[in-house]
Amino acid sequence: MTAARSRDWPTSDAEVAPFVRSLGLPGIVDIHVHALPPRLQEAVWAYFDRLEDPPWPITYRDDEPTRLATLTDLGVIAHTALAYGHKPGVAAWCNEHTLALADTNPQVIPTFTFHAEDGAEDYVAEAIARGGRIAKVHLQVGRFHATDPRLDEVWPQLAAAGIPAVVHASAVYGVDGGSDYCGPDAIRALLDRHPGVTVIVAHLGMPDAAGFLALAEAEPTLRLDVTMTMTDPPYGMDFPASLLPRLAAIHDRVLFGSDFPSIPHEYHAQVRGLAAMDLDDAGLRRVLHGNAAALLGDAIPADRR
62 MTAARSRDWP TSDAEVAPFV RSLGLPGIVD IHVHALPPRL QEAVWAYFDR
112 LEDPPWPITY RDDEPTRLAT LTDLGVIAHT ALAYGHKPGV AAWCNEHTLA
162 LADTNPQVIP TFTFHAEDGA EDYVAEAIAR GGRIAKVHLQ VGRFHATDPR
212 LDEVWPQLAA AGIPAVVHAS AVYGVDGGSD YCGPDAIRAL LDRHPGVTVI
262 VAHLGMPDAA GFLALAEAEP TLRLDVTMTM TDPPYGMDFP ASLLPRLAAI
312 HDRVLFGSDF PSIPHEYHAQ VRGLAAMDLD DAGLRRVLHG NAAALLGDAI
362 PADRR
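Numbered by the working numbering, the letters in the sequence shown go through residues 62 to 366 in order.
Structure representation (structure tokens):
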């Protein structure tokens, strides 16, 4: 089959949807789209506005309806609504926003978050009862261990319901502190303590790409998302070229993600960056759509799978 690298990759956002259709796909499943409550979204954008080395311009600084329409125009037919509790007492409030968004927008996969705090098991149970199908936690920003005992009744709920969790488990640029909660050993400890949990490691685990890739090779249930890595041109975190053949070898567990809307480049740069994996068309279809669709099942409407 023709290598995906030889294709005419999109060079503008207007070319993304036609490119995806040329692969025989109905559209993209984006596993890493953020949808924060407005007050929190503004605070996050203000944080990015303060970054200087490098600066972090927000490409899609629009209201939520406009952002949803933009994703549709890009050919994204299903996506998450990731939020995260950056401190105790915030997660349930975030869940009200993200789950309500899914109630009225069929392309939004019902998404929820949690923090290591008393009562987390109760609002997680409520989120699952409301239809939650994927979770998100940010260990560095939240400053908690994935194996915190207060989560011992949370992770089993996810495992029992077959709900994966997007876990930001790496210490990244611009966030002060929190690195003690991050790294491959943090995820290894989580999987040892709760072996039924399906984890999607965000950002390919960058900047510790080698460590997380080795963990994924050893743990066949572990997934990785490509968010903010391998963009073309690169911005900040570029996945090491020497590791690309190993990543391509497990491409059936690699999921597409973009970090939309708070990204410093246009969306097509993330799609075009997949050329680095040198996948054939079937492999590219898996990363852009099939892997996430298989993992999430009927969380994605039948006409979008």
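Note that CB positions come from ideal geometry on N, CA and C, so glycine has one too.
* **Host alpha helix (DSSP H) of Val211 (start-end)** => The residue given as residue 211 occupies position 150 in the sequence shown. Rather than Val, the amino acid found at residue 211 in this sequence is Arg. Segment: none, Arg211 is in no alpha helix (DSSP H) and carries neither H nor E.
* Going by the beta-carbon positions, is the gap between Ala144 and Thr174 smaller than 7 Å? -> Looking up residue 144 in the sequence shown gives position 83. Looking up residue 174 in the sequence shown gives position 113. Taking 7 Å as the Cβ cut-off, Ala144 and Thr174 qualify as a contacting pair.
* Which stretch, first to last residue, makes up the beta strand (DSSP E) that contains Ala330? -> Translated into the one-based positions of the sequence shown, residue 330 becomes position 269. Per DSSP, Ala330 belongs to no beta strand (DSSP E); it is in the alpha helix (DSSP H), 328-333.
* Which one of Leu304, Leu162, Glu76, Thr72 has the shortest CA to CA distance from Pro171? -> The sequence position of residue 171 within the sequence shown is 110, counting from 1. That would be Leu162, whose Cα lies nearest to the Cα of Pro171.
* From this set, Gln168, His326, His199, which residue's C-alpha is nearest Ile361's C-alpha? -> Within the sequence shown, residue 361 is the residue found at index 300, counting from 1. Per the Cα distances, Gln168.
* Leaving aside the five residues before and after Met338 along the sequence, list all residues of the same chain whose C-beta is less than 7 Å from its C-beta, in chain order. => Numbered from 1 along the sequence shown, position 277 holds the residue referred to as residue 338. Cβ within range, chain order: Leu305, Leu308, Ala309, His312.
* **Whole-angstrom distance between Asp246 and Glu280, CA atom to CA atom** => Position 219 of the sequence shown holds residue 280. Position 185 of the sequence shown holds residue 246. Their backbone Cα atoms lie some 12 Å apart in a straight line.
* Asp124 in three-state terms, based on DSSP -> What you label residue 124 is simply residue 63 of the sequence shown in a count that begins at 1. Coil at Asp124, not helix or strand.
* Asked: Do you know whose CA, among Lys197, Pro225, Pro98, lies nearest Ala354's CA?
  -> Stepping through the sequence shown from its first residue, residue 354 is reached at position 293. Comparing Cα-Cα distances from Ala354 to each of Lys197, Pro225, Pro98, the minimum goes to Pro225.
* Which whole runs of the beta strand (DSSP E) in the segment 260-294 are 3 residues long or more, in chain order? -> 260-262, 284-286
* Asp246 - containing alpha helix (DSSP H), residue span -> As a position in the sequence shown, residue 246 is number 185, starting the count at 1. First-last of the alpha helix (DSSP H) with Asp246: 245-254.
* Asked: Would you call the CB atoms of Ser231 and Asp286 closer than 7 Å?
  -> Counting from 1 along the sequence shown, the entry for residue 231 is found at position 170. Counting from 1 along the sequence shown, the entry for residue 286 is found at position 225. Result no, Cβ atoms of Ser231 and Asp286 do not sit closer than 7 Å.
* Asked: When you compare only the Cα positions, how much space is there between Leu135 and Asp213?
  -> Stepping through the sequence shown from its first residue, residue 135 is reached at position 74. Stepping through the sequence shown from its first residue, residue 213 is reached at position 152. The straight-line gap from Cα to Cα measures roughly 39 Å.
* Asked: What's the C-alpha gap between Glu76 and Leu349?
  -> To locate residue 76, count along the sequence shown from 1; it is residue 15. To locate residue 349, count along the sequence shown from 1; it is residue 288. Taking the straight line joining both Cα atoms gives about 15 Å.
* To do: Could you spell out the range, first to last residue, of the beta strand (DSSP E) harbouring His199?
  => Taking the sequence shown and counting its residues from 1, one reaches residue 199 at position 138. Start and end: 195-199.
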